[in-house]
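Structure, as structure tokens:
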Amino acid sequence: MTGEDEGIRRTAELAGAWLASMSKHSSEPLCHVRSNGLISYSTKKVQEIFGRTDLHGSHFLDLVDDADREDAAHLLSLVQGSQREGQLEFRGAHPAHGRLHLKAGVVPAGPEGGVLLRIEDVTQQHRDVDKLKGMVRWFRALTRNSGDVIVVVGEDLGHRFVSGGCEDILGYAPDELTRQVFRDAIHPADRMRVLLEFEAARQDVGATCEVIYRFKHKSGSWLHVETHVVNRTNDPDVNGLIFYTRDVTDRTIRDPTTGLPNRTLLLDRLQQVLVAEDSGQFGVIVLQVDRYSFVRGTLGGDAADLLMKAFAKRLLGVAAASWTVARTGDNEFTVLAMGLPDAGAIRPVAEGIGKLATKRFKVGTDQVVSTVTMGIALSARNYPGAVEMLRDAQTALVKAQEKGSSSRQVASSEVISRHADKVRVETELHRAIANEELRLAFQPIVSLSEARIEGFEALIRWKHPTAGMLAPGAFLPVAEESGLISAIGDWVLARSCARLARWRDTIPQAKDLTISVNLSVKQLTEQDFAGRVLRTMEQNKLPLSSIKLELTETALLERPEAAAAVLEELQSAGMTIVLDDFGTGYCSLAYLTRFPIDVLKIDRQFVSGSDAVLTSPRGKPLVRAILDLATSLGLTVVAEGIETQEQADVMRSMGCQQGQGWLFGRPVGPRVARDLIIAR
Ligand code: C2E
Ligand code: MG
Ligand code: MG
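So the sequence shown is residues 43 to 722, counted in the working numbering.
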């Protein structure tokens with residue numbers, strides 16, 4: 043029985059009883075309207091609804107809003123004429139409370155003539171619905187620029203809420219994206235797998251899962267999307283599942299560092315070329331940049347990335363427009379060379395590529411020269427598929443290394459020198475700790491609204507006896523690998539705490555100052571790490587909120603469970619957890635909020651530099667979306683790498699609270715930092 047039927051049945055039942063007694067004292071909201079439209083009786087309840095005691099003898103339609111009067115008159119005469127029940131929804135007014143939304147079951151009044159109404163005040167329900175609609179509009183506006191489409195699905199599996207950015211990302215307006223539409227848009231080959239994953243998450247309260255699959259954009263093109271599902275059916279505020287879906291097409295088919303196609307896209311193109319009738323002769327060259335591991339081990343990951351970027355640029359310079367240059371591994375590129383007149387034509391191509399590496403590369407302040415090793419597969423062998431052809435080229439590459447070719451010899455001597463280098467750095471680092479060659483530099487973190495220093499980030503330096511002041515990138519990777527990072531980390535924390543305690547004791551302006559300390563994920567997995575941190579704080583009599591702990595996104599993702607547990611402990615004790623370099627790990631903020639995080643540091647590649655995200659046309663909305671989402675999650679946001687006033691202004695206008703960068707100050711020694719605090 044519907045609510046409507048129920049209302050009418052109840053009115054009809056009551057009609058008999060009430061008419062029998064003609065009592066005005068019924069506790070039901072009943073009212074009798076004669077056939078001439080005048081009210082003959084109304085109970086107290088009805089009088090309360092309208093806030094009037096003078097209803098008797100007045101015209102019922104006078105209680106109805108102008109806009110609904112015609113409909114109401116029609117219904118009343120219909121009920122009288124047909125002697126059947128009806129349901130009326132109309133608006134009215136209360137002298138003190140204003141507009142009313144009302145519902146009435148209407149039944150013929152029998153021998154009495156006229157009709158009997160049972161009137162219900164549904165004003166509050168209407169307000170609630172309006173409020174809900176308003177909130178949905180508000181939240182959609184808020185999430186319009188978010189990189190995630192957020193869909194909340196109730197237990198009934200209907201879409202309860204779809205966020206604003208839906209149309210930009212998937213092509214469907216939020217209201218269009220029904221469950222059926224969503225299911226149908228999943229690639230048929232992926233559908234079963236995806237729906238099974240969703241179903242598993244639905245059945246497991248508190249579960250989360252991530253699925254990558256193909257999704258058909260409304261325009262018909264295929265996207266690669268990643269959906270992160272969180273089962274929040276046990277949370278009364280959500281009572282459903284949340285789906286965060288983002289377009290990862292670029293990520294799944296391109297190498298983020300060089301922007302080149304990755305293995306997936308290369309295989310796709312190669313397959314197309316193999317099946318096309320008019321491809322002519324072509325070749326696949328897999329090449330390895332031999333110096334890569336050495337650069338990575340000694341100069342760090344950033345330097346290795348720079349080397350690969352520079353090499354990619356040179357490769358593109360020699361490739362014809364119809365060729366594909368892809369990055370297929372850490373230190374590996376693959377060139378699909380098209381339009382070869384004959385099989386022999388691949389040789390000059392390979393020689394040209396070999397020469398590319400012998401010219402110097404500038405990697406930061408260093409110069410690097412490399413060799414390359416290559417493996418080649420030619421179309422003349424009629425490969426059945428792309429995977430087979432690429433595999434053959436890779437096997438040829440391994441053979442080239444084994445054969446003792448000239449490039450192989452270079453590679454092995456580098457392995458020795460790299461090893462020697464590491465051992466040397468390691469020994470020297472041991473000595474550095476003992477000889478107190480490590481230093482801390484302090485870089486100001488300011489509030490963007492007042493440009494006032496709120497704290498410092500402690501950054502490690504190594505005052506090397508012969509090489510001079512070394513930046514962390516030159517020795518931390520070796521420290522990480524050798525385990526020395528624990529001792530260094532302890533030193534940094536102890537030194538930062540001691541320094542802050544001294545400042546707070548001796549400089550009045552330092553009372554609410556904070557220091558942010560960088561942690562390596564290795565530290566988090568050490569025995570009793572949280573306990574040691576808390577004891578160090580206590581020994582220095584520092585409030586727990588005065589030291590902030592910075593961890594990078596990549597570090598967190600390396601050991602998610604272990605990291606989350608230790609951070610949980612530190613945060614619940616009262617320490618502040620900062621997510622450093624946010625945006626460099628290609629991880630969605632929604633995912634990262636699984637970790638206990640208080641502060642988000644947006645990486646400097648978003649803010650400054652010639653290819654900063656902020657200066658690209660699509661970048662600004664992206665940064666804004668990050669800020670919107672972070673703010674709605676209650677996180678404080680710090681922008682790193684602010685070098686110009688303009689960058690500071692833009693970030694502030696978008697709601698970013700704090701900034702760090704050369705504009706406000708470079709990392710400085712403790713004495714200069716002290717002066718800065720006094721001048722605060
Ligand atoms: P980070 O934590 O993201 O630190 C910020 C880095 O950006 C610092 O480099 C800083 O000098 C640099 N920077 C600050 N403002 C600007 C600017 O306006 N423009 C530019 N281009 N750069 C700016 P630094 O000191 O070389 O540190 C590099 C990284 O080394 C740090 O990145 C941090 O991840 C790590 N690190 C530093 N000290 C420690 C430490 O004590 N322990 C651990 N585990 N890691 C550390
Ligand atoms: Mg940091
Ligand atoms: Mg950073």
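A virtual CB, placed ideally from N, CA and C, is assigned to each residue, including glycine.
Beta-carbon proximity of residue i to residue j, cut-off 9 Å
i: residue 504; j: residue 480; result: yes
i: residue 655; j: residue 641; result: no
i: residue 162; j: residue 71; result: yes
i: residue 321; j: residue 205; result: no
i: residue 363; j: residue 323; result: no
i: residue 270; j: residue 257; result: no
i: residue 376; j: residue 368; result: yes
i: residue 412; j: residue 349; result: yes
i: residue 406; j: residue 440; result: no
i: residue 325; j: residue 419; result: yes
Pairwise C-alpha distance: residue j and residue i
i: residue 181; j: residue 546; result: 43 Å
i: residue 372; j: residue 338; result: 10 Å
i: residue 554; j: residue 228; result: 53 Å
i: residue 158; j: residue 103; result: 14 Å
i: residue 342; j: residue 522; result: 11 Å
i: residue 160; j: residue 263; result: 56 Å
i: residue 475; j: residue 501; result: 16 Å
i: residue 533; j: residue 559; result: 11 Å
i: residue 305; j: residue 392; result: 20 Å
i: residue 277; j: residue 477; result: 55 Å
i: residue 133; j: residue 123; result: 24 Å
i: residue 111; j: residue 84; result: 19 Å
i: residue 303; j: residue 294; result: 9 Å
i: residue 711; j: residue 610; result: 32 Å
i: residue 719; j: residue 552; result: 6 Å
i: residue 637; j: residue 174; result: 30 Å
i: residue 455; j: residue 332; result: Below a pLDDT of 50, predicted positions are generally treated as unreliable, and residue 455, at 29, falls in that range; no measurement from the model is reported.
i: residue 592; j: residue 619; result: 6 Å
i: residue 187; j: residue 299; result: 24 Å
i: residue 450; j: residue 415; result: The predicted position of residue 450 is uncertain, since its pLDDT is 26 and thus under 50; a value taken from the coordinates is nonetheless stated next. Distance between the alpha carbons of residue 450 and residue 415 is about 7 Å.
i: residue 515; j: residue 340; result: 9 Å
i: residue 588; j: residue 625; result: 26 Å
Three-state class that DSSP yields for residue i in the structure shown
i: residue 549; result: coil
i: residue 226; result: helix
i: residue 539; result: helix
i: residue 447; result: Confidence is the limiting factor: at residue 447 the pLDDT is only 40, short of 50, which leaves the residue's position unreliable, though a coordinate-based value still follows. Residue 447 falls in the coil class under three-state DSSP.
i: residue 507; result: coil
i: residue 278; result: coil
i: residue 185; result: coil
i: residue 436; result: helix
i: residue 369; result: strand
i: residue 733; result: The question about residue 733 has no answer here: the residues shown for the chain are numbered 43 through 722.
i: residue 286; result: strand
i: residue 345; result: helix
i: residue 74; result: strand
i: residue 259; result: coil
i: residue 381; result: strand
i: residue 558; result: strand
i: residue 180; result: helix
i: residue 758; result: Only positions 43 to 722 of the chain appear in this structure, which leaves residue 758 out of reach.
Contact test: residue i Cβ vs ligand 1 heavy atom, cutoff 8 Å
i: residue 702; result: yes
i: residue 390; result: no
i: residue 708; result: yes
i: residue 360; result: no
i: residue 518; result: yes
Proximity test, residue i beta-carbon vs ligand 2 heavy atom, cut-off 8 Å
i: residue 344; result: no
i: residue 662; result: no
i: residue 560; result: yes
i: residue 499; result: yes
Residue i: CB within 8 Å of a non-hydrogen atom of ligand 3
i: residue 725; result: In the structure as shown, the chain starts at 43 and stops at 722, and residue 725 therefore has no counterpart that could be examined.
i: residue 643; result: yes
i: residue 685; result: no
Near ligand 5: residue i beta-carbon under 8 Å from a heavy atom
i: residue 594; result: Ligand 5 is not part of the structure shown, which contains ligand 1, ligand 2 and ligand 3 as its ligands.
(Q) Can you confirm whether the segment 349 to 365 touches the segment 280 to 296 when touching is taken to mean that 3 or more C-beta pairs between the two stretches lie within less than 8 Å? (A) Under the Cβ criterion (8 Å, minimum of three pairs), the segment 280 to 296 does not count as touching the segment 349 to 365.
**Q.** Inter-stretch contact (C-beta, 8 Å, three-pair minimum) for the segment 706 to 721 and the segment 667 to 675
**A.** Not touching, per the Cβ criterion.
Q | Touch test, the segment 296 to 316 against the segment 431 to 442, Cβ-Cβ under 8 Å, three pairs minimum | A | Touching, yes.
Q) Should the segment 146 to 156 be called in touch with the segment 164 to 171, which here means at least 3 C-beta pairs below 8 Å? A) At 8 Å Cβ cutoff, the stretches do not touch.
Q | Any 3 or more C-beta pairs closer than 8 Å across the segment 465 to 472 and the segment 684 to 692 | A | Contact between the segment 465 to 472 and the segment 684 to 692 is absent, with fewer than three C-beta pairs closer than 8 Å.
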